[in-house]
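**Q**
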Amino acid sequence: MTTPPSGRRDAAVLRLDRGIALLFLVPALVAYSGFVVWPTIQLVIYSGQEWNGVLPPEPAGLDNFVRLTTDTVFHRALTHNVLWMTAALVVPVGIGLLLALLVTRAPIHGRSFFRLVLFLPQVLNPVAVAILWGWMYDPASGAINRLLGSVGLGGLAHPWLGDPATTLPALFVAWSWLHYGFVMIILIAAIEGIDEQYFDMARIDGAGRVAQLRVVVLPFIRGPLGVVALITAIASFQVFDLVYLLTGGGPARSSIVLPLHMLDHAFTFRNVGYASAIAVVMTAGVLLLSVVFLRGRGPSDAR
Amino acid sequence: MGIIALAGTASGAMAQEPVQMDYWYQSSGPEGLAIHEAAARAYTDAHPGVSITVTPYSFDDLQRILPVTLDGGTGPDVASISWGAQAADLFAAAGHLVDLTDHGAVSGWLDRYPADLLAFANQALPGRIFGVPPEQATVGVYYNSAIFDDLGIEVPSTFEEFEAALATIKAAGITPIATGGGDAWPLAHVWEQLIHTNVPFEHLTALEVDMDPDARYDTPEMIEATAKLLEWFELGYFNDGMLGTSYLDANSLFITGRAAMNIGGTWAQPEFATQPEFEARFFPMPRMDADLPWHAGGKAPSDLLVVTSYAEDQEAALAFLDHMLSEENARRLWDAGKFVTYRFDDVPPATNALQADIYDAMQRTGPGYYMGVNCVEVNRGNWAALQGMIAGDTTPEETMAVTQGIYESECPKYRSEG
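Protein chains in written order, with the numbering used here: chain V, 157 to 459; chain F, 17 to 434.
1. Helix, strand or coil: how does DSSP classify Thr191/F here?
2. In whole angstroms, what separates the C-alpha of Leu416/V from that of Ile406/F?
3. Taking the continuous alpha helix (DSSP H) assigned at Thr272/F, which residues delimit it?
4. Quick one: is Pro215/V near chain F, going by C-beta distance under 8 Å?
5. Assign Glu328/F to one of three DSSP states: helix, strand, or coil.
6. Go through the segment 319 to 370 of chain V residue by residue and report every complete run of the alpha helix (DSSP H) that reaches 4 residues or more, in order.
7. According to the Cβ coordinates, are Val114/F and Val323/F closer than 8 Å?
8. Is the segment 382 to 394 of chain V in contact with the segment 364 to 384 of chain F, if contact means three or more CB pairs nearer than 8 Å?
9. Near Gly91/F, which residues of its chain fall below 6 Å by C-beta distance, leaving aside the five closest residues on each side in sequence?
10. Give me, in chain order, the residues of the same chain whose beta-carbon lies closer than 6 Å to that of Phe376/V; leave out the 5 immediate sequence neighbours on both sides.
11. If you measure beta-carbon to beta-carbon, which residues of the segment 391 to 409 of chain F are closer than 7 Å to chain V?
12. Which partner residues of Thr69/F appear in the DSSP bridge assignment?
13. Under a three-way DSSP split, which group does Gln403/F fall into?
14. Going by CA-CA distance only, name the one from Val200/V, Ala177/V, Pro195/V, Phe191/V that's closest to Ser432/V.
15. Residues in the segment 288 to 319 of chain F with C-beta within 8 Å of chain V's C-beta atoms, listed in sequence order?
16. Is the number of C-beta pairs between the segment 95 to 108 of chain F and the segment 128 to 146 of chain F that are closer than 8 Å three or more?
17. Leaving out five residues before and five after Pro282/V in sequence, what residues of the same chain have Cβ atoms less than 7 Å from its Cβ?
18. Kindly indicate which residue of Val329/V, Asp356/V, Asn208/V, Gly310/V has the alpha-carbon position closest to the one of Trp289/V.
19. Indicate whether at least one CB of chain V lies closer than 8 Å to the CB of Gln102/F.
20. What are the residues of the segment 242 to 276 of chain V that lie near chain F, defined by any Cβ-Cβ distance shorter than 7 Å?
21. With respect to the alpha helix (DSSP H) encompassing Leu134/F, which residues constitute its N-terminal and C-terminal limits?
22. Quick one: what's got a C-beta closer than 7 Å to Tyr263/F's C-beta in the same chain, skipping five residues either side?
23. Assuming contact is defined by CB atoms lying nearer than 8 Å, are Pro407/V and Leu251/F in contact in what I supplied?
24. With distances taken Cα to Cα, identify the nearest neighbour of Val210/V among Tyr336/V, Leu280/V, Asn427/V, Val448/V.
25. What is the DSSP secondary structure of Glu206/V, reduced to helix, strand or coil?
26. Which residues, in chain order, does the segment 103 to 119 of chain F contribute to contact with chain V at a C-beta distance below 8 Å?
27. Is Leu170/V helix, strand or coil when you go by DSSP?
28. Give every residue of the same chain whose Cβ lies closer than 8 Å to the Cβ of Gln403/F, excluding the five residues on either side of it in the sequence, and list them in chain order.
29. List, in order along the chain, the chain F residues whose C-beta lies closer than 7 Å to that of Trp316/V?
30. With 8 Å set as the bound, which would you pick, yes or no: does the beta-carbon of Val222/V sit closer than that to a beta-carbon of chain F?
31. Compare the beta carbon distance of Ala389/V and Leu450/V with 8 Å and say whether it is the shorter of the two.
32. Please state if the CB of Thr191/F and the CB of Leu269/F are separated by a distance shorter than 8 Å.
33. By Cβ distance below 6 Å, which residues in the same chain neighbour Ala401/F in space, the five residues on each side in sequence not counted?
34. Quick test of your reading: Ser392/V and Trp240/V, contact by CB under 8 Å. State the CB separation rounded to the nearest angstrom.
35. DSSP state of Pro317/F, grouped into three classes?
36. Please classify Ser432/V: does DSSP put it in a helix, a strand, or coil?
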């Protein structure tokens, strides 16, 4: 029996290690394939069928995707989601960043208390949030209209969820209230991870608070900020619960969003194939968005 | 006879072996659960060893959950579900429901339910019965009798009197009609009352049942009725912020006396009979065109009781169905203020004035539709179009043109399926 040269032995050990590693990966791969890959493949298959969810499906080729080009409700829902995402990257992200700076860098007492209070909306159930904001927006007895009346601005009282011009912004305000806490908590962790000596150096160089934000904070939190922006953008395309519970996409589809349009087709109109086509387009859009964001972060952030 | 023998065997078996059944029903409010549970309890009390889990689902939830469950070869033993092309007809055609035709004849309840109602509610396979509606519903005008008395308003018998009442109430600083336009369908119910009193019923049947390619939503009569809805809105006859008000909030406006009327369905009757401090009463919407026969939109069978093909013990499920369709249960429903389809030999006395009003309205008006139930794209598209009109986006002509467009593009597929 001859001993193999050390190079061949190393290669054999490496192959064995890889084999064992793959073996350990099998359960996860099976679960991932069963619960993610296969349903996604099924979704694509359904998108090429005409199916009411009960009787046997019939092949439809690309008809469902062609229909998307002429479906004005789909176009409206897509526009709403894009507008939502654009605003979401500014409003809850901006508010979350501002509050994170305040509770980490501002000379205030009771920081822990403020963190807890400010984070509270994030831990509330969206159904509870919908009920809460539904009361606030109620045209007859809602807190917002009452508040306006009590400060002499009763003329500004409005059916916030009943006027197509204000429905989407009103829903967005409620969603932002729910979402900014997530942004804040991630950015608090990022800001607290910055070594204090960088702030000291900036101060020695004469940097004021705004300059410290520009030269110290923003460069250091660029990575987490990018992740927060990506998650916020994805969440903007998944927004559903608040819209469903507060307006159902109305009035007159003024607050329709893609998940709701998909739901309508899947379960109300029983066009499972068409609903799947909407889901495929949504998934592709979110994937594309993720790739663009991740590439935009650059190699330094990826470390 | 064979079925009777089988049922007897099943009863015997039930006494020995525990039977657990699931009963799902479509809930329109919390008061319904007590009624359904009482019916199930009466059955289990008389059948030791049988237990029944009663589960309420909202309309939307049942629409989603039931097809998926049945498609997976499982589901409730007995269920109360919507009739029509999107629900019971579809499930019957797919083989998910038990054919009750022969069982109904043997069990004896078939003669107690009007044949025209059974036919209305079982359109998938003519001549066969897959579901029985124990109740029927109608839509009309609930009113606050105290406000009417204070303002000296008599119950309107003509459309002119009805509009005069609206003007009087408005002039008194009270909201005439509470409607949950935010949920869309309550607004559509108001519209349906108007079209059923201004458009020949044959035309509505052509649109809703036959889906006649020559029938149209944008006829002058349809537009006139739609314009009346907009006119009422512009005159301030609906609650402020109507498009931002939910169905439940609109009911609350009526119950608390902040609105004089509520145009709604009989499913709200238990709530309106008991909750307000005033006496709520009811009348059918007077006709816009008094020369037409009187029809009320939404005067139709309620949900169907069905036995699914996946009932674990089908004999037990059929026995429970028999109980639900019995005179005993019909009386229980009637006593709870419901409007049963069961033909009593002697109609029991009404439990309150509101039930008597509604029963009277049902006798005076012919059947009517929830427009678009058989072509749900029209249903939902029309809801959105009506909301758009109220929001000022479209005229009545444009609104009906939108609905007509959906009717032409989406409904043929239901027509071809028969």
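Built from N, CA and C at the ideal position, the CB exists for glycine as well.
**A** In brief:
1. In the structure shown, Thr191/F sits in a strand (DSSP, three-state: E or B).
2. So the alpha carbons of these two residues sit roughly 22 Å apart.
3. Boundaries for Thr272/F: no alpha helix (DSSP H) harbours it, and the DSSP string shows neither H nor E there.
4. Interface annotation, Pro215/V: not in contact with chain F, CB-CB separation never under 8 Å.
5. Coil at Glu328/F, not helix or strand.
6. As far as the segment 319 to 370 of chain V is concerned, its whole alpha helix (DSSP H) runs of at least 4 residues are 320 to 348, 352 to 360, 365 to 368.
7. Yes, these two residues count as a Cβ contact at 8 Å.
8. Short answer: they don't touch.
9. Result list for Gly91/F: Thr85, Thr324, Tyr326, in chain order.
10. By the criterion of a C-beta distance shorter than 6 Å, Phe376/V is surrounded in its chain by Ile350, once the five residues flanking it on both sides are discounted.
11. Within the segment 391 to 409 of chain F, the residues whose Cβ lies closer than 7 Å to any Cβ of chain V are, in chain order, Val392, Glu393, Arg396, Ala400, Gln403, Gly404, Ala407, Asp409.
12. Per DSSP, Asp38/F.
13. Secondary structure at Gln403/F: helix, using DSSP grouped into helix, strand and coil.
14. Comparing Cα-Cα distances from Ser432/V to each of Val200/V, Ala177/V, Pro195/V, Phe191/V, the minimum goes to Val200/V.
15. Within the segment 288 to 319 of chain F, contact with chain V at the beta-carbon level (separation under 8 Å) is assigned to no residue.
16. Short answer: they touch.
17. The residues Leu334, Asp397, Leu398, in chain order, have a CB closer than 7 Å to that of Pro282/V in the same chain once the five nearest residues on each side in sequence are set aside.
18. Comparing Cα positions, the closest option is Val329/V.
19. Interface residue, yes.
20. If the cut-off is 7 Å between Cβ atoms, the segment 242 to 276 of chain V has nothing near chain F.
21. Per DSSP, Leu134/F belongs to the alpha helix (DSSP H) from 131 to 137.
22. Excluding positions up to five away in sequence, the list reads Gly196, Asp199, Pro202.
23. With respect to Leu251/F, Pro407/V sits apart: the two C-beta atoms are not nearer than 8 Å.
24. Of the listed residues, the one whose Cα sits closest to Val210/V is Asn427/V.
25. The answer is strand: DSSP assigns Glu206/V an E or B state.
26. Residues Leu106, Phe107, Ala109, Ala110, His112.
27. Helix.
28. Closer than 8 Å at the Cβ level, and outside the excluded window around Gln403/F, lie Gly197, Ala200, Leu203, Leu259.
29. Ordered by position in chain F, the residues that pass the 7 Å Cβ test against Trp316/V are Gly260.
30. Not an interface residue.
31. For the 8 Å CB-CB criterion, Ala389/V and Leu450/V do not form a contact.
32. In this structure, Thr191/F lies closer than 8 Å to Leu269/F by Cβ.
33. Scanning its chain for C-beta atoms nearer than 6 Å, with the 5 sequence neighbours on each side dropped, one finds around Ala401/F the residues Thr415, Val418, Thr419, in chain order.
34. That belief holds up - the Cβ atoms of Ser392/V and Trp240/V are roughly 5 Å apart, short of 8 Å.
35. Pro317/F: strand per DSSP, three-state reduction.
36. Note: Ser432/V maps to helix in three-state DSSP.
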